[in-house]
Amino acid sequence: MNLILMGPPGAGKGTQAEYIERKYWIPRISTGDMFRTAARFSTELGLQAKELMDNGQLVPDEITIGIVRARLAERDCAKGFLLDGFPRTVTQAKALDGILADWNKELDAVISIEVPTDVLIVRNCGRRTCSQCGANYHVQFNPPLLANECDICGGELQHRSDDREETVIKRLAIYAEQTKPLTDFYAERGLLISINGDQSLSAVFRDIVESLQERTRKEV
Ligand code: ADP
Ligand code: AMP
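The letter at position 71 of the sequence shown is residue 71 when you use my numbering, and the numbering goes up by one with no holes.
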């Protein structure tokens, strides 16, 4: 299955991507994670991306398209993939069309997780991420068993530098302006699945799985 997971910052893409990855055995490709890893290793790309990310801005299309093109060429993507956080602009979406056409691949669905803005602010500001394994928590909605410690690997939990309220507000505005129009782009092709993300983690996942099953039934 070739899938895109869309939605504003804090919609729950990363959280649901972990479940989808495990259920369908397809690799999750998160451009945000790729940039954060590059930043941790202080590569040239990482340092450039970190400055933009900390400011709530997007990394330039040319760079982002390049890393996705290279990642999709890896062998594990032959059986399918789940793009999380890409594409984020019309230019990126058109470039993705070109990459997939080069390999005779097609998208199966674009899942868009919808959540009201006030909820998104609380979700981003309370997000905590494991510094070792990347697992996702929320101080209020999905807390770890021990404060500041990852349930899975015991790693220290971190607050993302772009999850400060003023940066979150900026990221939400950029989403509305540059990324949200992509829902029309994919709806016109009959690929869009809209999911109510303002529900429990398990209810959101249930709705995603049911929508994908319904789509597969229709295609048969
Ligand atoms: P995104 O990848 O879309 O930016 P995340 O998956 O990182 O979003 O989720 C943002 C924050 O909201 C995390 O702290 C996560 O634990 C929490 N969260 C995700 N989904 C839900 C949900 N359905 N209900 C409550 N909190 C959620
Ligand atoms: P995310 O982890 O998806 O919330 O992304 C964190 C940050 O990484 C974004 O605010 C951007 O600065 C950068 N980023 C991630 N994906 C993209 C993309 N597709 N295009 C441009 N910038 C991106």
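C-beta: ideal position from N, C-alpha, C; glycine also.
For residue i, list the residues DSSP reports as bridge partners.
| i | result |
| --- | --- |
| residue 109 | 3 |
| residue 114 | 196 |
| residue 81 | 2 |
| residue 129 | 136, 158 |
| residue 29 | 83 |
Sorted by chain position, which residues of the same chain lie with C-beta nearer than 8 Å to residue i's C-beta, five sequence neighbours on each side aside?
| i | result |
| --- | --- |
| residue 17 | 5, 28, 30, 82, 84 |
| residue 76 | 27 |
| residue 222 | Because the chain here runs from 1 to 220, residue 222 falls outside it and cannot be looked at. |
| residue 140 | 122, 126 |
| residue 198 | 114, 115, 116, 119 |
| residue 185 | 90, 93 |
| residue 194 | 112, 114, 183 |
| residue 23 | 209 |
| residue 177 | none |
| residue 148 | 128, 156, 157 |
Using a threshold of 9 Å, state whether the C-beta atoms of residue i and residue j are closer than that.
| i | j | result |
| --- | --- | --- |
| residue 222 | residue 80 | Outside the modelled stretch of the chain, which goes from 1 to 220, sits residue 222, for which no answer is possible. |
| residue 196 | residue 209 | no |
| residue 108 | residue 3 | yes |
| residue 225 | residue 154 | Outside the modelled stretch of the chain, which goes from 1 to 220, sits residue 225, for which no answer is possible. |
Which residues in the same chain as residue i place their Cβ atom closer than 7 Å to its Cβ, once the five residues preceding and following it in sequence are excluded?
| i | result |
| --- | --- |
| residue 99 | 69, 72 |
| residue 64 | 31, 86, 92 |
| residue 151 | 144, 145 |
| residue 137 | 128, 143, 144, 157 |
| residue 15 | 136, 201 |
| residue 132 | 150, 153, 155 |
Within 9 Å of any Cβ in chain E, is that where the Cβ of residue i sits?
| i | result |
| --- | --- |
| residue 133 | Among the chains in the structure shown there is no chain E, since it carries only a single protein chain. |
If I measure Cβ to Cβ from residue i and keep anything under 6 Å in the same chain, skipping five residues before and after, which residues do I get?
| i | result |
| --- | --- |
| residue 46 | 38, 39 |
| residue 179 | 88 |
| residue 182 | 93 |
| residue 211 | 193 |
| residue 189 | none |
Secondary structure, beta strand (DSSP E): runs of 3+ residues fully inside the segment 137–217 = 192–196
Should the segment 107–119 be called in touch with the segment 5–18, which here means at least 3 C-beta pairs below 8 Å?
-> yes
Are at least three pairs of beta-carbons, each pair with one atom in the segment 163–176 and one in the segment 122–137, less than 8 Å apart?
-> yes
Count the CB pairs spanning the segment 104–113 and the segment 52–59 that are closer than 8 Å, and state whether there are at least three.
-> Under the three-pair Cβ rule at 8 Å, the segment 104–113 does not count as touching the segment 52–59.
Using 8 Å as the Cβ pair cut-off and three pairs as the minimum, do the segment 165–176 and the segment 38–57 touch?
-> yes
Taking only runs that begin and end inside the segment 14–74, name each unbroken alpha helix (DSSP H) of 4 or more residues, in chain order.
-> 31–40, 44–54, 61–72
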